[in-house]
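Enquirer:
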Amino acid sequence: MLSMKLGLKGKAWLKGFHILVSGIWVGAGICLLLLGFLKGHTPNGDELYAFNLAMKIIDDYIIIPSAMASLITGLLICWLTQWGFFKFNWIILKWVLTVAQILFGTFFLGPWTNGATAIANTERALALQNSTYLYFREMNSFYGSIQVALLIVMVFISVFKPWGKRGKIKAH
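For my numbering, add 827 to where a residue sits in the sequence shown, where the first one is 1.
(1) If you reduce the DSSP assignment to three classes, tell me which class Lys-988 lands in.
(2) Going by C-alpha distance, which of His-845, Lys-842, Cys-858, Lys-832 is nearest Gly-971?
(3) For Phe-915, which three-state DSSP category applies?
(4) Assign Gly-932 to buried or exposed, taking buried as 16 or more other Cβ atoms, counted over all protein chains shown, within 10 Å of its Cβ.
(5) Considering only C-alpha positions, which residue in the set Phe-934, Ala-954, Met-966, Ala-877 is nearest to Leu-862?
(6) Among Trp-852, Phe-864, Pro-870, Leu-978, whose alpha-carbon lies nearest the alpha-carbon of Glu-965?
(7) Using the rule of at least 16 other Cβ atoms within 10 Å of the residue's Cβ for burial, across every protein chain shown, is Leu-936 buried or exposed?
(8) Return helix, strand or coil for Met-831, following the three-state DSSP convention.
(9) Over what stretch of residues does the alpha helix (DSSP H) that includes Phe-878 continue unbroken?
(10) How would you call Val-848, buried or exposed, if buried means at least 16 neighbouring beta carbons within 10 angstroms?
(11) Starting from Ala-896 and walking both ways along the alpha helix (DSSP H), at which residues does that stretch end?
(12) Going by DSSP in three states, Thr-869 sits in which element: helix, strand or coil?
(13) Tell me the rounded alpha-carbon separation between Asp-886 and Ala-855.
(14) Looking at the unbroken alpha helix (DSSP H) that takes in Ala-945, where does it start and where does it end?
(15) To which residues of the same chain is Ala-894 closer than 6 Å at the C-beta, ignoring the five residues directly before and after it?
(16) Is Gly-901 buried or exposed, if buried means 16 or more other CB atoms sit within 10 Å of its CB?
(17) Kindly indicate which three-state DSSP category Arg-993 falls into: helix, strand or coil?
What follows is the structure, given as C-alpha cells:
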C-alpha cells in the first residue's frame, strides 16, 4: 500500500480547507432552517416560490458541494496524516455521521426540497393548502434541524476529540 504522509504545510492547508468547507456546510444548513421558518409566514405565492427556490439553490450549489468537499478533505486527512481512519473512536463517529448525513440529504432532504419547490412553482399560494407540500415542509424543518444540530455536534467532536485512541485488537 502506498504510504504517503503530508508535511506540516500540507497538513495545514488540508485542515484549513476542511474547516472552510465544513463551516460552509453548517452555515448553509442554518440558512435553510431560517428560510424554512420565514417562508411559512408569507401569504404571497410568488414570495413562497422564491423562498423555496432559494432553498433549492442553496442546497444544490452550496450544501451538496460543501458536504462532498468535507467528505473528500476528511478522507484525505485520514489517509495522508497520522490520524488514520480507525485509530480513534471520535473519527469513526464522524465518518458514520458524515456518510449518514450525506445519504439522508441525498435521499430525503433533497427530494423534499425539490418537491416543495416544484409544488410552490405550480400552485404558488395554494401550495399552503397542499398536504404534500406541507408534509415536505414539516419533514425538512424537523429533520433539517436534526441535521444542522448533528453538524454542530461534529464541529465540537473535532475540537474536543473525545473518547481517545482505540485499544489494540488482540488476535485469538
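A virtual CB, placed ideally from N, CA and C, is assigned to each residue, including glycine. Since we're looking at a predicted model, the values are computed, not measured.
Expert: The structure says:
(1) coil
(2) Cys-858
(3) strand
(4) buried
(5) Ala-877
(6) Phe-864
(7) buried
(8) coil
(9) 872-885
(10) buried
(11) 891-907
(12) coil
(13) 8 Å
(14) 937-950
(15) Trp-852, Ile-929
(16) buried
(17) coil
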